[in-house]
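Take a look at the structure set out below.
2 protein chains.
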Amino acid sequence: MKKTNIYEANGFDAKSMKRLLVHDSPYFKVLNFNFKAGQQLPVHSHDIEGEVSLVVLEGEGEFLGKDGSSMPAKAGDVLICPISDPHGLKAGSDLRLLVTIAPPI
Amino acid sequence: MKKTNIYEANGFDAKSMKRLLVHDSPYFKVLNFNFKAGQQLPVHSHDIEGEVSLVVLEGEGEFLGKDGSSMPAKAGDVLICPISDPHGLKAGSDLRLLVTIAPPI
Chain D
1 MKKTNIYEAN GFDAKSMKRL LVHDSPYFKV LNFNFKAGQQ LPVHSHDIEG EVSLVVLEGE
61 GEFLGKDGSS MPAKAGDVLI CPISDPHGLK AGSDLRLLVT IAPPI
Chain P
1001 MKKTNIYEAN GFDAKSMKRL LVHDSPYFKV LNFNFKAGQQ LPVHSHDIEG EVSLVVLEGE
1061 GEFLGKDGSS MPAKAGDVLI CPISDPHGLK AGSDLRLLVT IAPPI
């Protein structure tokens, strides 16, 4: 068993989003990204098999998708998509995001 | 892309913990369990390959392990273990838990 408190282990940075690798194994990769208001994870995709979940732990903003599309994002939202689909996030407030990728990349 | 707000989609039940299947695919299974104070996910394990993550979104309590062991659990905690390791949770307050299992069972 491995326990990490991501609220204590990862903070915020005025210059850019802060990334914490929580776990990496043959089964999944778990990452935490913290954004100050206005910061973003640019839209990207990977041409491989698998899925990614994006969980908003705190804050609000927008999930970003292909062709400039977006959807509101807020605490409690769980977004799931193929890793090969364009995805990203823009923070409207300070925002904590937990990302799980399976299988890991 | 599939978005679920688990704070809106799943509530609490005084009789027993409330379970919401958020996602099931060949890559992972995502579940949300909500506990009223005192409710628990009994210690259990599965004799298969894979890992499980337990993320506390709100509340506090105890992660349960083998031989009656326990560890404090609070918001922001990410616990990761093999599915074959005994694991469970007991809520000390109303508590929201997000569980990811890869590969799915």
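If you're matching them up, the sequences are chains D and P in order. In this text, residue positions in the first sequence follow this note's numbering: the first is 1, and each later residue adds one. In this text, residue positions in the second sequence follow this note's numbering: the first is 1001, and each later residue adds one. Quick reminder that beta carbons are idealized off the backbone N, C-alpha and C, glycines included.
Does residue i get closer than 7 Å to chain P when you measure Cβ to Cβ?
| i | result |
| --- | --- |
| A102(D) | yes |
| N5(D) | yes |
| M17(D) | no |
| S93(D) | no |
| K2(D) | yes |
| I105(D) | no |
| D77(D) | yes |
| E60(D) | no |
| V22(D) | yes |
| G68(D) | no |
| I80(D) | yes |
| G50(D) | yes |
Return no unless some Cβ of chain D is closer than 7 Å to the Cβ of residue i.
| i | result |
| --- | --- |
| F1028(P) | yes |
| S1025(P) | yes |
Taking residue i and residue j to be in contact with their CB atoms under 8 Å, please state how far apart those CB atoms are, rounded to whole angstroms.
| i | j | result |
| --- | --- | --- |
| S84(D) | S45(D) | 6 Å |
| G65(D) | P82(D) | Not a contact, Cβ separation roughly 12 Å. |
| G88(D) | Q40(D) | 6 Å |
| D24(D) | P104(D) | 6 Å |
| F35(D) | A102(D) | Contact doesn't hold; Cβ gap of about 23 Å is too wide. |
For the ligand NAP, is there any heavy atom lying closer than 6 Å to the beta carbon of residue i?
| i | result |
| --- | --- |
| S84(D) | As presented, the structure is devoid of all ligands, the ligand NAP included, so that no description of it is given. |
List, from N- to C-terminal side, the beta strand (DSSP E) runs of 3 residues or more that fit wholly inside the region 5-53 of chain D.
Every unbroken stretch of the beta strand (DSSP E) spanning 3 or more residues and falling wholly within the region 5-53 of chain D is given here in chain order: 18-24, 29-35, 40-44.
Quick check for students: name the residue ranges of the beta strand (DSSP E) that lie wholly in the region 54-104 of chain D, counting only runs of 3 or more.
As far as the region 54-104 of chain D is concerned, its whole beta strand (DSSP E) runs of at least 3 residues are 60-64, 70-74, 77-82, 87-91, 95-102.
Mind the definition here: the region 1006-1017 of chain P touches the region 85-103 of chain D only if three or more C-beta pairs lie below 8 Å; say whether that holds.
Cβ pair count under 8 Å is below three, so no.
Is it a yes or a no for the region 1052-1064 of chain P touching the region 1072-1086 of chain P, going by three-plus beta-carbon pairs under 8 Å?
Counting Cβ pairs under 8 Å, three or more are found: they touch.
Is it the case that the region 1020-1029 of chain P contacts the region 36-54 of chain D, given that we only count it when at least three CB pairs across the two stretches are under 8 Å?
The region 36-54 of chain D vs the region 1020-1029 of chain P: in contact.
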